[in-house]
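Protein chains in written order, with numbering that gives the first Met the number 0: chain U, 0 to 201; chain A, 0 to 201; chain Y, 0 to 201; chain W, 0 to 201.
What follows is a set of notes on a single structure, which appears directly below.
Protein chains: 4
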Amino acid sequence: MARLVEQRKDLLASMMRDGIYEAAVAVMTRYGMEGTTMDRVAEEAEVAKGSLYNYFPSKLDLLKFVHDKTVEPMEQRAQEILAEEIPALQKLESLIREWFGYLDKHRGLFNFLFNDQVARELLLDRKSSGHAKAVEDVATIVRQGIQEGTLRQLDPMRVAWLLFGAMREIVEGQLSNNETRPMINLTEEVLDFVLHGIGNGK
Amino acid sequence: MARLVEQRKDLLASMMRDGIYEAAVAVMTRYGMEGTTMDRVAEEAEVAKGSLYNYFPSKLDLLKFVHDKTVEPMEQRAQEILAEEIPALQKLESLIREWFGYLDKHRGLFNFLFNDQVARELLLDRKSSGHAKAVEDVATIVRQGIQEGTLRQLDPMRVAWLLFGAMREIVEGQLSNNETRPMINLTEEVLDFVLHGIGNGK
Amino acid sequence: MARLVEQRKDLLASMMRDGIYEAAVAVMTRYGMEGTTMDRVAEEAEVAKGSLYNYFPSKLDLLKFVHDKTVEPMEQRAQEILAEEIPALQKLESLIREWFGYLDKHRGLFNFLFNDQVARELLLDRKSSGHAKAVEDVATIVRQGIQEGTLRQLDPMRVAWLLFGAMREIVEGQLSNNETRPMINLTEEVLDFVLHGIGNGK
Amino acid sequence: MARLVEQRKDLLASMMRDGIYEAAVAVMTRYGMEGTTMDRVAEEAEVAKGSLYNYFPSKLDLLKFVHDKTVEPMEQRAQEILAEEIPALQKLESLIREWFGYLDKHRGLFNFLFNDQVARELLLDRKSSGHAKAVEDVATIVRQGIQEGTLRQLDPMRVAWLLFGAMREIVEGQLSNNETRPMINLTEEVLDFVLHGIGNGK
DNA sequence: CATGAATGAGTTTTCATTCAT
DNA sequence: GATGAATGAAAACTCATTCAT
């Protein structure tokens, strides 16, 4: 019985955290990192400021939560792709497509997720940032591709960084141009670039 | 004679500005943008807080100065390379090499120069951010390469973003790994990636 | 029930505002406008500096509040007097008496209300300064008196300024002499001066 | 001989003080009391800021000097008028005329001379403000007028305050209306008001 | 547990005054 | 004496965090 009460409590707390999460995302999207104050989050969440502290010990913890919660599903999906039994090239395409789809949602959080100093700082003490993990995933695929003979023998980590960066940048270009078309359409183009480069071969 | 006194004064002022610049860079490197307060800069520079305002009318002006002073020589160099009468591929290599050499100095400012939201904001009213300009430079080279037939017919701007991003990311990877070897060594590798991609040809 | 809670809150907020008002008046009286800092007000009110900003968005707003709260009842009263159906001379006497009574309270604020540049500036965007309004009120009475034939045909506005100034000055004289007798006793005398001047008739 | 050197020094110092005086007046007129900083005065005087302190130990001393130097000639003139052997009424008219003429010059300093808290504070330790002295002068004239039978038997000091206030206020009215016609034209009107009041006699 | 007022350290900026040159 | 850079004590305002109700 106490067990049941316990569960109910956990459930409620979890819902609260989610509500605050949504609010935080909204505020971050609207005001940017600098403008994200606990006041605004509380107001957006329609909760008293003090209540935030019942669910998150500090602002930093809230930010970490937002980060994790946003990155998590993407990482989940990446793991699934990695686990499939398909050629590296297909995995790569799936992953890129997935990323773009993911970034089409969360546009507002892009800076927070990838660029911002704060993000970086709050990740300092994490085992490994989503960012780094993503790069690692690519490296794994590259290794597979090399074994399969479909990819050149290059340093997998280096290649992963390059690939990831190319993708990230193009997203940023789109965002800074206020381009609203879905970024998922860029998948082919990016894949082409990554596989064949820009040189006109022989 | 008055001329000489004048010069001496300018020199001193210039030295102060440089000292403050150094201090600001140190603080930014150590504490990040968020943590860069005038207090800390003053302390680092071993000057009174008020003295900063004898050389920079506001914090924003100081930041602009730091940015310009850091970015300007690079832009200069880029223009020189663009103006040379050599094939696009050579320009590209020169540019990348230059960038890496440049980033080897200024490691601490990398985030300020390329990643930070604040940096972006304070550049909003500048002619055009160094970032955007750099991408534009690459696009120019790509256009030349396409005409020369050495580069594939791809959207030059898109390619520029991709290339720039790849490079930026690899730098970031190096930095976050606390890799201390000079980044300039990566030039070949990046160029190879960009030109041929990672696919194993046919 | 929620209604009750709401009311209690409003009441408390109102009390705080009043407390801060008192503190501000005390500080203004003691240190003058120049010396009225938010720090001092906070200290006087025995609240944290930050708390002031929970009740007044800015220092200017606090000053406006002080001004309004002090001036409003007087303006109210003036309007009542103007609206009465009595001869101009009676209105004039009433108004002057009211003013003196009013100034007997608020002695400390006299300079803030009538003399200070800052006060004037902060009233610039108000409908119309209490000062100007008071003069206007007198002019209205003078016009009535002229019509009734009890006052000479003089420029009403000019007369209003003269009258108002005479009164203001005498108050100031009293204050600077640290004269503590109620100023309301001066009503007759001022009225006599205003009506008959100091000349000995023919 | 040393005497001569001494004199030359005094003369130079005196000239410097006068130059700074002019500059201070210009700044006060242009920027108001709040905006009168030592920096601006120095710039206006085309002197280094530090030099100001060779001639005035502090800002307050400079302000006192400005005040005195501005008020002095007026007081001088008032004394002369008082000393003349003419009826009180004529003295009164002369004095008022003189005041208006005086205020026509020094418009920019009006607030500093008569209204400002700062002015008040810096006069606190003076034997007697120019303001108070002026009132005293009027009282003297009133006493004479009473003896001569041309003025009613009223409290001379009170009358002096009233008269002075009326005049001051009308000046202020002119200034706040940005009325640029010379105020000296108001002499008759004010005198009329003061002598006969606004009442329509019997 | 919810609330939101209270807190106060921290931020940018100003400016009278000092002092080495 | 002249200079003006250096100083640092205030000033207005912000906001993460606490805590009484």
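Where is the CB? At the ideal position from N, CA and C, for every residue including glycine.
Beta-carbon proximity of residue i to residue j, cut-off 8 Å
i: residue 102 of chain A; j: residue 80 of chain A; result: no
i: residue 87 of chain A; j: residue 161 of chain A; result: no
i: residue 39 of chain A; j: residue 26 of chain A; result: yes
i: residue 185 of chain U; j: residue 197 of chain A; result: no
i: residue 168 of chain W; j: residue 76 of chain Y; result: no
i: residue 51 of chain A; j: residue 19 of chain A; result: yes
i: residue 141 of chain Y; j: residue 159 of chain Y; result: yes
i: residue 183 of chain Y; j: residue 99 of chain Y; result: yes
i: residue 133 of chain W; j: residue 163 of chain W; result: yes
i: residue 54 of chain W; j: residue 82 of chain W; result: no
i: residue 131 of chain W; j: residue 165 of chain Y; result: no
i: residue 199 of chain Y; j: residue 172 of chain W; result: no
i: residue 22 of chain A; j: residue 43 of chain A; result: yes
When the options are compared against residue i, the one with the closest alpha-carbon
i: residue 155 of chain Y; options: Y:147, Y:143, Y:25; result: Y:143
i: residue 107 of chain A; options: A:175, A:19, A:188; result: A:175
i: residue 202 of chain Y; options: W:165, W:153, W:194, W:188; result: The structure shown does not extend to residue 202 of chain Y, since chain Y spans only 0 to 201, so no value can be given for it.
i: residue 191 of chain U; options: U:171, U:178, U:89; result: U:89
i: residue 16 of chain Y; options: Y:33, Y:45, Y:31, Y:34; result: Y:45
i: residue 97 of chain W; options: W:110, W:53, W:72; result: W:72
i: residue 56 of chain U; options: U:109, U:37, U:30, U:8; result: U:37
i: residue 61 of chain U; options: U:84, U:32, U:177; result: U:32
i: residue 109 of chain U; options: U:138, U:9, U:29; result: U:29
i: residue 91 of chain U; options: U:10, U:139, U:178; result: U:139
i: residue 178 of chain A; options: U:10, U:64, U:157; result: U:157
i: residue 135 of chain Y; options: Y:64, Y:78, Y:10; result: Y:78
Beta-bridge pairing of residue i - partner residues as DSSP gives them
i: residue 59 of chain U; result: Paired residue(s): none; residue 59 of chain U is not in a bridge.
i: residue 150 of chain W; result: Y:198
The alpha helix (DSSP H) enclosing residue i, as first and last residue numbers
i: residue 163 of chain W; result: 155-175
i: residue 95 of chain W; result: 87-103
i: residue 49 of chain A; result: 48-54
i: residue 32 of chain Y; result: Careful: residue 32 of chain Y lies outside any alpha helix (DSSP H) and carries neither H nor E.
i: residue 37 of chain U; result: 37-44
Cut-off 6 Å between Cβ atoms - residues of its own chain near residue i, not counting five sequence neighbours on either side
i: residue 145 of chain U; result: 152
i: residue 104 of chain A; result: none
i: residue 85 of chain W; result: none
i: residue 181 of chain U; result: 103
i: residue 126 of chain Y; result: Confidence at residue 126 of chain Y is low in this model, with a pLDDT of 48, below 50, so the placement of that residue should be treated as unreliable; the coordinate-derived value is given next. Excluding positions up to five away in sequence, the list is empty.
i: residue 35 of chain U; result: 26, 27
Proximal residues to residue i (C-beta, below 8 Å), its chain only, five neighbours per side dropped
i: residue 47 of chain Y; result: 41
i: residue 65 of chain Y; result: 20, 23, 24, 27, 108, 111
Residue i CB to nearest heavy atom of the ligand ADP below 7 Å
i: residue 15 of chain A; result: With respect to small molecules bound, the structure shown includes none, and the ligand ADP cannot be examined in it.
Cβ-based neighbour list, residue i, same chain, cut-off 7 Å, excluding 5 preceding and 5 following
i: residue 7 of chain A; result: none
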